[in-house]
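**Q**
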Amino acid sequence: MSRGAVKMINFVHPELEQDFYWQKKISTSFDSQYFANLIDSTLLKPSTTINEIDKLCEDALLAKFRSVCVPPCYTKDAKLKLRNSEVKVCTVLGFPLGYTSTVAKVEEMKSVMAYVDEFDFVQNITFVKNSDFRSLENEYLLIVQSAKDKLVKVILETALLSAEEIYNCTLLAAKCGIHVIKTSTGFSSRGASLQDIEVIKNALNAYQQETGNVVGIKASGGIRSVDDAYAFVQAGVTRLGTSGGNDIIKGKLNNSNY
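Count the sequence shown with the working numbering and you get residues 743 to 1000, in order.
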């Protein structure tokens, strides 16, 4: 490569091209309805019923959300409800604490592979706190390998990490082939912050400069309004995890806790 040449841009998963298209579209031409294209409409409370899952899917079809994110036990129901549509089915692994074994997370993934398009897994935060990055790398690699061609998002749980830990986890995750870096479960002491996104973005910019590979960012937890959503998108977020998607695209305040 000649001096000053620009590296080719490579989306690390085909789905990211659409995410980045809408992120740019919203950043340059604000319309609250556009946010539907980036929203993972989420319902993960422990008391979730099948009727609530049905309603989540019906709303997602009407709003044309990017995906629904549901507990593993409801993935088959969601897949049936959303058949023949463009709305993806997403589920969570090792949720919400992340300290189940890597083997358990992989088995959880395999058990629902037929019904799921995207996986959000909670990283083992104990590995980070013990500076055991070899075990963390092993977890990242095994989950990406086991997911085959499915989109994989790692949930860092940024509320529990320092800025340095967020940066190091992000960079390692990108190097291991994870497609999207996600901030939070929504079940910890806080959700996403713009400061978290800045740290994640800095790490991914360094990775992209080195490799040309583009990785996505998902903000989740505490997104209460279209203004919140817009601020995150402007900061570089390419997915929004929220249980208040309908309120957000209508310009209303989201008071949901999940």
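Backbone N, C-alpha and C define an ideal beta-carbon position, used for all residues, glycine too.
#1: Output the distance between the C-alpha atoms of Gly978 and Leu995, rounded to the nearest integer angstrom.
#2: At which residues does the alpha helix (DSSP H) containing Glu800 begin and terminate?
#3: Using the beta-carbon count (16 or more within 10 Å), is Val812 buried or exposed?
#4: Alpha carbon to alpha carbon, how far is Glu759 from Lys830? Give it in angstroms, no decimals.
#5: Starting from the Cα of Phe863, find the closest Cα among Asn872, Leu839, Ser853 and give me that residue.
#6: Do Thr833 and Thr817 come within 8 angstroms of each other at the CB atom, strictly closer than that value?
#7: Quick check: the segment 819-830 against the segment 863-873, are at least 3 beta-carbon pairs closer than 8 angstroms?
#8: Can you give the beta carbon distance from Thr784 to Gly983, rounded, assuming they're within the 8 angstroms contact cut?
#9: Just curious, the beta strand (DSSP E) that Ala961 is in, first and last residue?
#10: How is Asp782 classed by DSSP in three states: helix, strand or coil?
#11: What does a CB cutoff of less than 6 angstroms around Ala802 pick up in its chain, not counting 5 residues either side in sequence?
#12: One question on the structure: do Phe777 and Ile991 come within less than 8 angstroms of each other, judged by their Cβ atoms?
#13: If you run the structure through DSSP and keep just helix, strand and coil, what is Arg876?
#14: Would you identify the three-state DSSP class for Thr927, choosing helix, strand or coil?
#15: Have a look at Leu884 and Ala846 and give me their C-alpha separation to the nearest angstrom.
#16: Might you give, ordered along the chain, the residues of its own chain that have their beta carbon closer than 8 angstroms to the beta carbon of Glu794, omitting 5 neighbours on each side?
**A** Based on what the coordinates show:
#1: Along the sequence shown, one-based indexing puts residue 978 at 236. Along the sequence shown, one-based indexing puts residue 995 at 253. When rounded, the distance between both Cα atoms is 22 angstroms.
#2: For the purposes of this step, residue 800 is taken as the residue at position 58 of the sequence shown. Counting along the chain, Glu800 sits inside the alpha helix (DSSP H) bounded by residues 792-805.
#3: If you number the sequence shown from 1, residue 812 lands on position 70. So Val812 ends up on the buried side.
#4: Counting from one through the sequence shown, the residue named residue 830 turns up at place 88. Counting from one through the sequence shown, the residue named residue 759 turns up at place 17. Those two C-alpha atoms are separated by around 15 angstroms.
#5: Along the sequence shown, one-based indexing puts residue 863 at 121. Of the candidates Asn872, Leu839, Ser853, the one whose C-alpha sits nearest the C-alpha of Phe863 is Leu839.
#6: Counted from its first residue, the sequence shown places residue 817 at position 75. Counted from its first residue, the sequence shown places residue 833 at position 91. The Cβ atoms of Thr817 and Thr833 lie closer than 8 angstroms to each other.
#7: With the cut-off at 8 angstroms, the segment 863-873 and the segment 819-830 do not touch.
#8: One-based indexing of the sequence shown puts residue 784 at position 42. One-based indexing of the sequence shown puts residue 983 at position 241. That belief holds up - the Cβ atoms of Thr784 and Gly983 are roughly 5 angstroms apart, short of 8 angstroms.
#9: The residue given as residue 961 occupies position 219 in the sequence shown. First-last of the beta strand (DSSP E) with Ala961: 958-962.
#10: On the sequence shown, position 40 is the one that residue 782 refers to. Here Asp782 sits in strand by DSSP.
#11: Along the sequence shown, one-based indexing puts residue 802 at 60. So the qualifying residues of the chain are Ser783, Val810, Val829.
#12: As a first step, residue 777 is located in the sequence shown; it is residue number 35 there, counting from the start. As a first step, residue 991 is located in the sequence shown; it is residue number 249 there, counting from the start. For the pair Phe777 and Ile991, the CB atoms are nearer than the 8 angstroms cut-off.
#13: Here residue 876 is taken as the residue at index 134 of the sequence shown, counted from 1. For Arg876, the secondary structure class from DSSP, reduced to helix, strand or coil, is helix.
#14: For the purposes of this step, residue 927 is taken as the residue at position 185 of the sequence shown. Secondary structure at Thr927: coil, using DSSP grouped into helix, strand and coil.
#15: Against the sequence shown, residue 884 aligns to sequence position 142. Against the sequence shown, residue 846 aligns to sequence position 104. Computed Cα separation, rounded: 11 angstroms.
#16: The count along the sequence shown starts at 1 and reaches residue 794 at position 52. Hits under 8 angstroms: Leu785.
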